[in-house]
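Participant: Residue numbers (the working numbering): 65 to 410.
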């Protein structure tokens, strides 16, 4: 009997100790929203002030130096966007990870631009425009939809298609850009892009996406491809390997801006069609901040004079820039016109 009592006592003691260890209740306090350049404090506390040996903080999965159970952060170091915050608590020979997040917004509202039509050119009404780029005096265009996706070389003044190749019917074509003597062309949901010869339009290779969800718009800077995927993320890819390297998040003063479609880099700023809305966002590619919005609602009204557009489908899409002559071109899916416009700040 004494032996049974001894073992019972040991068992009860073990259960009590386990219960005490598991009874820790942590609270990770972090502001849910902040403004860029604002200083914020993140703290971890135990609700009943039980002793904690150590706390280690992580931002977006990376360990951050801290002292004690608090962490001070300048949101400038985070950038705009939603950021994962976690704390690892060490206590009673145990550890527990607590997760939260913080969302950082731009400080200022975007500037608003209107436009002035400088010239109007014909555009193929059978072109479901996805990518558009000006190169050596011609427009290069990619179109979408399965069975209708094509790569084209187009005469701007006449709208005549000078060269064309079709994508396999299994693919829905999306944005494109020209890198040297190659054309890089995205597909929508096939997790794949293709590489074509600029002169012959012969397919030479392909590449897979990695973490980006889909293929939407594509442009480039001096060293990287810049890709949209339908979310508020803009991805930067190695030009040689097409491997994803990093991303930024696009934000205004009050929201994340997703549904970003066709892209063009103009004078160091990223211009992005806002899908299904007659708006182009101008984004700082270094920060993701939406600095300006271009209201092109009037172009839909201009199109309505000669063509009935299918609502939600035949929408504004396509941005091209002639750097040498400082000309900005825009069009839309199945639109019969290509517009050269000049921006007017409101």
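Quick reminder that beta carbons are idealized off the backbone N, C-alpha and C, glycines included.
This one's a predicted model, so the numbers in the text were calculated from it and none came from an experiment.
1. Indicate whether the contact test is met: 3 or more Cβ pairs, each with one atom in the segment 220-227 and one in the segment 179-196, closer than 8 Å.
2. For residue 390, does the three-state DSSP call read helix, strand or coil?
3. Using only the alpha-carbon positions, how far apart do residue 95 and residue 104 sit?
4. Kindly indicate which three-state DSSP category residue 93 falls into: helix, strand or coil?
5. Hey, residue 91 and residue 111 are a contact pair by Cβ (cut 8 Å); roughly how many whole angstroms apart?
6. If we ignore side chains and look at the alpha-carbon of each, how far apart do residue 99 and residue 318 end up?
7. Does DSSP classify residue 141 as helix, strand or coil?
8. What is the DSSP secondary structure of residue 363, counted as helix, strand or coil?
9. Taking 8 Å as the threshold, find out whether the segment 207-215 comes into contact with the segment 284-301 through three or more Cβ pairs.
10. Looking at C-alpha atoms only, which residue of 216, 202, 273 is the closest neighbour of residue 391?
11. Starting from residue 104, trace the beta strand (DSSP E) in both directions and tell me its first and last residue.
12. Would you list the one or two residues that DSSP bridges to residue 186?
13. Which whole-angstrom value is the C-beta distance of residue 196 and residue 395, which I expect to be below 8 Å?
14. Near residue 406, what residues of its chain come up, given a Cβ to Cβ distance below 6 Å and the 5 sequence neighbours on each side ignored?
15. Take the Cβ of residue 176 as the centre, count every other Cβ of all protein chains shown within 10 Å, and call the residue buried at 16 or more, exposed below.
16. Can you tell me where the beta strand (DSSP E) with residue 255 in it begins and where it stops?
17. Name the DSSP bridge partner or partners of residue 203?
18. Can you tell which of 186, 218, 187, 213 has the C-alpha that lies nearest to the C-alpha of residue 198?
19. What does the alpha-carbon distance come out to for the pair residue 344 and residue 239?
20. How far does the beta strand (DSSP E) with residue 128 in it extend, from its first residue to its last?
21. Just mark residue 274 as buried or exposed, buried being the case when its beta carbon has 16 or more other beta carbons within 10 Å.
Facilitator: Per the coordinate set shown:
1. yes
2. coil
3. 7 Å
4. strand
5. 6 Å
6. 10 Å
7. helix
8. helix
9. no
10. 202
11. 103-110
12. 401
13. 7 Å
14. 180, 182
15. exposed
16. Here residue 255 belongs to no beta strand (DSSP E), and DSSP marks it neither H nor E.
17. 198, 218
18. 218
19. 16 Å
20. 126-128
21. exposed
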